[in-house]
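Engineer: Structure incoming, see below.
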Amino acid sequence: MLQESFDLMPLWAFVAACGVTMMAGFVKGAVGFAMPLVMISGLSLFLDPLVAVAGIVLPIVMSNLLQVLRFPLAEARAVLREFWRYILIVCLMIVVVAQFVTAIPTQTFYLVLGVPVVILSLIQLSGVRFHIAPRWRHPSEWGVGFLSGAIGGLTGTWGPPTVLYLIALNMPKAKQMLVQGVVYGLGSVSLLVGHLQSGVLNAVTIPWSAALLIPAFLGMQVGFWMSDRLNPEMFRRVTLIVLIVAGANLVRRGLIG
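Counting in our numbering, the sequence shown runs from 68 upward without gaps.
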């Protein structure tokens, strides 16, 4: 099986994949999300999309664990109590939708994720601020969580809707990083379970995904250092710019293959 893992791609593609993963780890450490988004948009340039999806699974489980461990355990528990509705529907939808990933056309992956990400991020970067009133907080958790989980099961990344939702709640930078870590951490476990069931993650692709853990870890350490030096407004702008660039690349892939 190990030899079959090596046969998934030529050596140059594996080296390039390590570079993409290190960059994705840096972005993840700096802004708290976008590792799967950057990895999918980068890896799919030279790998089969399902191989790319398999590759992101273990690195995002590890990266989200590292992100949560930067905060006290009591704070993580408080996030679970506050956002349990959102987390529950995200995790359920990831597991369910992941079962259909092998039956959906490749270009649909990219358009489903890329179009809404670019539009919503451009609106916010232009100065328009979405705001969710307290009375709509719980209903919005179910709705946005449903959308995030469905996109996550399909493409392996549920970060963009989550980030835009947290921005709409006017959440402080530090808490936003923690909430993202908890949501993505539990969601990534659901993705792992979902793709073990779908067959995308198997004895051949698991070693490939595990090999990307080292570049992901190294990139995150540099990203953490950068994050600690970003002021809140710069953090918001960098976050939105990352979304626009990655989303635009996905749209391009969806339109021209």
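Glycine included, every Cβ here is placed at the ideal spot set by N, Cα and C.
#1: In the DSSP assignment, the alpha helix (DSSP H) including Ala143 goes from what residue to what residue?
#2: What residues in its chain sit with their C-beta under 6 Å from that of Leu279, if we drop five residues either side in the sequence?
#3: DSSP three-state label for Arg94, please.
#4: Comparing C-alpha positions only, which one of Ala170, Leu233, Ile323, Leu263 sits nearest to Gly212?
#5: Decide if Thr175 is buried, meaning its Cβ has at least 16 other Cβ atoms within 10 Å, or exposed.
#6: Measure the C-alpha to C-alpha separation of Met90 and Tyr251 and round it to an integer number of angstroms.
#7: Taking the alpha carbon of Ile154 as the reference point, which residue from Leu322, Leu259, Trp225, Met287 has its own alpha carbon closest?
#8: Under 8 Å, do Leu253 and Gly92 count as touching if we go by C-beta distance?
#9: Quick check on this structure: which residue in Val179, Leu112, Val312 has the alpha carbon closest to the alpha carbon of Ala83?
#10: What did DSSP end up calling Phe291 once you bin it into helix, strand or coil?
#11: Cα-Cα, which of Gly96, Leu110, Pro103 is closest to Phe81?
Structural biologist: To lay it out plainly:
#1: 140-149
#2: Thr88, Gly122, Pro126
#3: In the sequence on display, residue 94 carries Val and not Arg. Residue state, collapsed to three classes: helix.
#4: Leu233
#5: exposed
#6: 18 Å
#7: Trp225
#8: no
#9: Leu112
#10: helix
#11: Leu110
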